[in-house]
Each structure stands twice: as C-alpha cells, then as structure tokens.
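Working notes, structure below.
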Amino acid sequence: MSPRSARSAAAAVAGLFLLMAPGRAAEGPPGAAAAVAPQTLNGFRLAPLLVQPELVRAGGPTRDQIKAVDDPQFVIPEQATWVIGDTPVIGIELGGEARAYPVHLMERHQIVNDVLAGVPIALSYDPLAGTPRAFRRSVAGRNLHFGVSGLVYNACSLMYDRETESLWSQFTGQAISGPLAGKRLDRIRVRQEPRDLWLGRAPTSTVLVRPDPKGIDYRYSPYKAYWLQEEIPFPVAAKDPRFHSKELVLGVVAKGKARAYLGSLLTAAGGRVDDDFYGKTIRIFYDSEGAFMQWDVPKGTEVTEAYWFAWKAFHPDTEIWNDPRGKRPRP
Numbered sequence: 454m455s456p457r458s459a460r461s462a463a464a465a466v467a468g469l470f471l472l473m474a475p476g477r478a479a480e481g482p483p484g485a486a487a488a489v490a491p492q493t494l495n496g497f498r499l500a501p502l503l504v505q506p507e508l509v510r511a512g513g514p515t516r517d518q519i520k521a522v523d524d525p526q527f528v529i530p531e532q533a534t535w536v537i538g539d540t541p542v543i544g545i546e547l548g549g550e551a552r553a554y555p556v557h558l559m560e561r562h563q564i565v566n567d568v569l570a571g572v573p574i575a576l577s578y579d580p581l582a583g584t585p586r587a588f589r590r591s592v593a594g595r596n597l598h599f600g601v602s603g604l605v606y607n608a609c610s611l612m613y614d615r616e617t618e619s620l621w622s623q624f625t626g627q628a629i630s631g632p633l634a635g636k637r638l639d640r641i642r643v644r645q646e647p648r649d650l651w652l653g654r655a656p657t658s659t660v661l662v663r664p665d666p667k668g669i670d671y672r673y674s675p676y677k678a679y680w681l682q683e684e685i686p687f688p689v690a691a692k693d694p695r696f697h698s699k700e701l702v703l704g705v706v707a708k709g710k711a712r713a714y715l716g717s718l719l720t721a722a723g724g725r726v727d728d729d730f731y732g733k734t735i736r737i738f739y740d741s742e743g744a745f746m747q748w749d750v751p752k753g754t755e756v757t758e759a760y761w762f763a764w765k766a767f768h769p770d771t772e773i774w775n776d777p778r779g780k781r782p783r784p
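Position one of the sequence shown corresponds to residue 454 (the working numbering), numbered consecutively onward.
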C-alpha cells in the first residue's frame, strides 16, 4: 500500500469532482467502504442489480451535478478558436458526417446527447477511466437521454437514462440496474487524437462549441492530480500493479479474447507495432510525447482506449502484448 491511504485518495477524487460541478456534495464519504451497497444511492434504486454491490459507490457529486450537454452546438474548425492543432479531441464518423468533441470540454460534461447523420447518439468520456465512447441512444425502439449519475462501478463512471433511471456502465455500455438492466447499447467507434490528426482524417468535421463558457473555465483540468496517483480510490474487481494504474492502454477483443497494448511497452518497441491477434492484424503507433495512439484495427473487432486499471478491472484475464515479465495470475 502506498503512503497515501485509500481514504485520502477517495477524498482527493471527490474534491476534483466538486471543482467540476458547483453545488451540494453527496452525503457521506464517496469511497465509504460499505460491504454491501444500499438499496438506493444518489437517489437511484439499485434493483435489480446485476453486478457486485460492493463495487458500486458514490463518486462525489450528486446526480446531474456534472451536467450533460443536451443541446450541443457545432462550428466549422476555423471558428473553433478554443481548439488548436494538438488539442486532443474525440472524433466520430457516421453516415458520411463527422464530429470532433474536444476532450477538455468532455472532462467537464462527460456526456453529449447528440444526433449525427439522423442517428441519436450519446458521446461520452469518462475522465476516471480515460475512455471515450459513443453509443446509439435507441433501445427497444425508444430514444434515451443520458445524464451523469455521480456513481461509479469498478471505479469507472455510471451513466443513467432519464426515461427509466436505469444505470449504465460507460465502459461496457450495459445497464447494470433499473428497468433496463441487462440491456446493452450499440457502440460506435471513436478515436481520441490531436485535432489536426483528426481533421486530416475527416476534414469536413464540425467541432463542439463550449457549452458553458461563462460558468466553467475550460482551460483548467481538475484531474491532473488524479492522473498522477497510483492509487485507485474505489474498489475494482481485479487489478495488476505491474504497471501504473493510469497508464494508457489500447485494448482489443477478438473471438472472446482480450489483449492490452500498453504505452510503455509500445515505446520500448519503438512505438510502432504490427501484431497478429487471433487472425486479426492490429497496427498501432504510439506517440509517447503526445500520449496518444493511432491504430488500424479491423471492423468488427472491439477496440478501447483506457487506463490500465480500467481495462484490467473489466478484462481480468487479459493478455498483455510483449510483456517481458510474463503473465501474472489474476489477483
């Protein structure tokens, strides 16, 4: 255990959440180690609950204290003066249209309820796990609208839909509690990379406008201290301390098998990798200075950018590409 206790780490995360969203904090310490989750948390009824109750915790803010964007506005890149060449964005292409969502805006809102090429989507970013995601918002013929629950599962953010108040894992896209428990959102591929690189792929892309330029100083990130912490302030199903918990990973799943490509191992191999993963050719370029990955992964293969702890928590039996220390049994 590091000199910092898990309690202090949890408090630090609660503090950074509250910097993001002014207002009343959730009652009780956010990382409180209750053996069994209560039946309600942040006003959400945790029934039925499909996951281990001890892994569902209050993350700090109340529901909607971090405000999702419901009426997003977009401009052409030349008008987006808040995004420069190396600014990280989350890029998505669908039906011949493309969008760029600056990461520093997504850190403060986490979810954008959007419509792209006529398709209702939720573009989401979890600053705790480092995971960009996009989902189709239609479930069983019904369009859902998502908000920030203020809860975490496996130390990663939980979204909720306003129509049924079901809780959804941002990492997996599956509802873990509520009337829609067990349902899964359809994922749409996204990339996280510098603006100029994204615009080279999608030159007609539009860019998200700052949703609250007067109320939020988007130049400031409250997550800098969190990114440096080795500690994971909330419980997880599995962990592996061989690598820094916040190390960037490209995770791939094919034929039921998972493999993690860690930034440090990619750097040691020169930054460029061509790998065969169960018959799938995986090509990766890792820019350690800019801390981003370019990848070419066949369609139909699940690909995830995330921090190491999050990938391991959801894929406890993951393979590790080029791990010189050998495979370690699951804790």
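The beta-carbon is built from N, C-alpha and C at its ideal position, and this holds for glycine as well.
Query raised in the report: Which residues share a DSSP beta bridge with Asn596?
Result: Ser591
Query raised in the report: Thinking C-alpha only, which one of Arg510, Thr584, Ile529 is nearest Thr659?
Result: Ile529
Query raised in the report: Under the DSSP definition of a beta bridge, which residues are partnered with Ser610?
Result: Val605
Query raised in the report: Relative to the alpha-carbon of Ala582, which residue among Asn607, Thr515, Leu576 has its alpha-carbon at the smallest distance?
Result: Asn607
Query raised in the report: Thinking C-beta only, is Ala570 closer than 8 Å to Gly548?
Result: yes
Requested in this report: Note down, in chain order, each residue of its chain lying with its Cβ closer than 7 Å to the Cβ of Ile669, except the 5 sequence neighbours on either side.
Outcome: Arg561
Query - Reduced DSSP secondary structure (H/G/I, E/B, other) of Leu508 - result: helix
Query raised in the report: For Arg736, which of Thr657, Arg663, Val705 has the nearest alpha-carbon?
Result: Val705
Query raised in the report: For Asn607 and chain D, any beta-carbon pair shorter than 8 Å?
Result: Chain labels in this structure do not include chain D; a single protein chain is all it has.
Report task. Can you have a look at Asn775 and say buried or exposed, based on whether 16 or more other CB atoms are within 10 angstroms of its CB? Result -> exposed
Query raised in the report: Considering only residues of the same chain and omitting the five flanking positions on each side of Gly724, which have a CB-CB separation below 8 Å?
Result: Phe738, Tyr739, Asp740, Ser741
Requested in this report: Give the straight-line distance between the Cα atoms of Thr493 and Gly732, rounded to the nearest whole angstrom.
Outcome: 45 Å
**Report entry** C-alpha distance - Asp639 paired with Thr617, whole-angstrom precision
**Finding:** 18 Å
Query - Through-space distance from Ala691 to Pro573, alpha-carbon basis - result: 34 Å
Query raised in the report: So does the region 644 to 661 actually touch the region 539 to 559, counting three or more Cβ pairs closer than 8 Å?
Result: yes
Report task. Tell me the start and end of each unbroken alpha helix (DSSP H) in the region 648 to 716 that is at least 4 residues and wholly inside, in chain order. Result -> 648 to 654, 677 to 681
Query raised in the report: In terms of residues, what are the limits of the alpha helix (DSSP H) holding Lys765?
Result: 761 to 767
Report task. Apply the 10 Å Cβ neighbour rule to Pro777 and answer buried if 16 or more other Cβ atoms are within range, or exposed otherwise. Result -> exposed
Report task. Identify which residue in Trp535, Ala521, Val689, Thr534 has its Cα closest to the Cα of Pro506. Result -> Val689
Query - Nearest-angstrom Cβ-Cβ length linking Phe599 and Asn566, presumed shorter than 8 Å - result: 6 Å
Query raised in the report: How many whole angstroms separate the CB atoms of Arg586 and Val509, which I take to be in contact at a CB cut-off of 8 Å?
Result: Contact doesn't hold; Cβ gap of about 19 Å is too wide.
Query raised in the report: So what's Ala474 in DSSP terms, helix, strand or just coil?
Result: Legend: pLDDT at Ala474 = 44, less than 50; position of this residue unreliable, no value from coordinates given.
Query raised in the report: Smallest Cα separation from Ala634: which of Pro555, Val592, Tyr714, Ile564?
Result: Val592
Query raised in the report: Which class does Pro501 belong to by DSSP, given the choice of helix, strand or coil?
Result: coil
Query raised in the report: Name the DSSP bridge partner or partners of Phe745?
Result: Asp740
**Report entry** Top-ranked residue by Cα proximity to Pro664, from Asp523, Arg516, Asp693, Leu502
**Finding:** Asp523
Query - Gly646 - DSSP class collapsed to helix/strand/coil - result: Looking at the sequence provided, one finds Glu at residue 646 rather than Gly. Correct three-state label for Glu646: strand.
Query raised in the report: Hey, out of Val702, Asp728, Phe696, Leu597, whose CA is closest to Glu684's CA?
Result: Phe696
Query raised in the report: For Ala486, which of helix, strand or coil comes out of DSSP?
Result: In this prediction, Ala486 has a pLDDT of 39, which is less than 50 and means its spatial position is unreliable; nothing more can be read from the coordinates.
Query raised in the report: Expressed to the nearest angstrom, what Euclidean distance is found between the alpha-carbon atoms of Arg595 and Ala721?
Result: 47 Å
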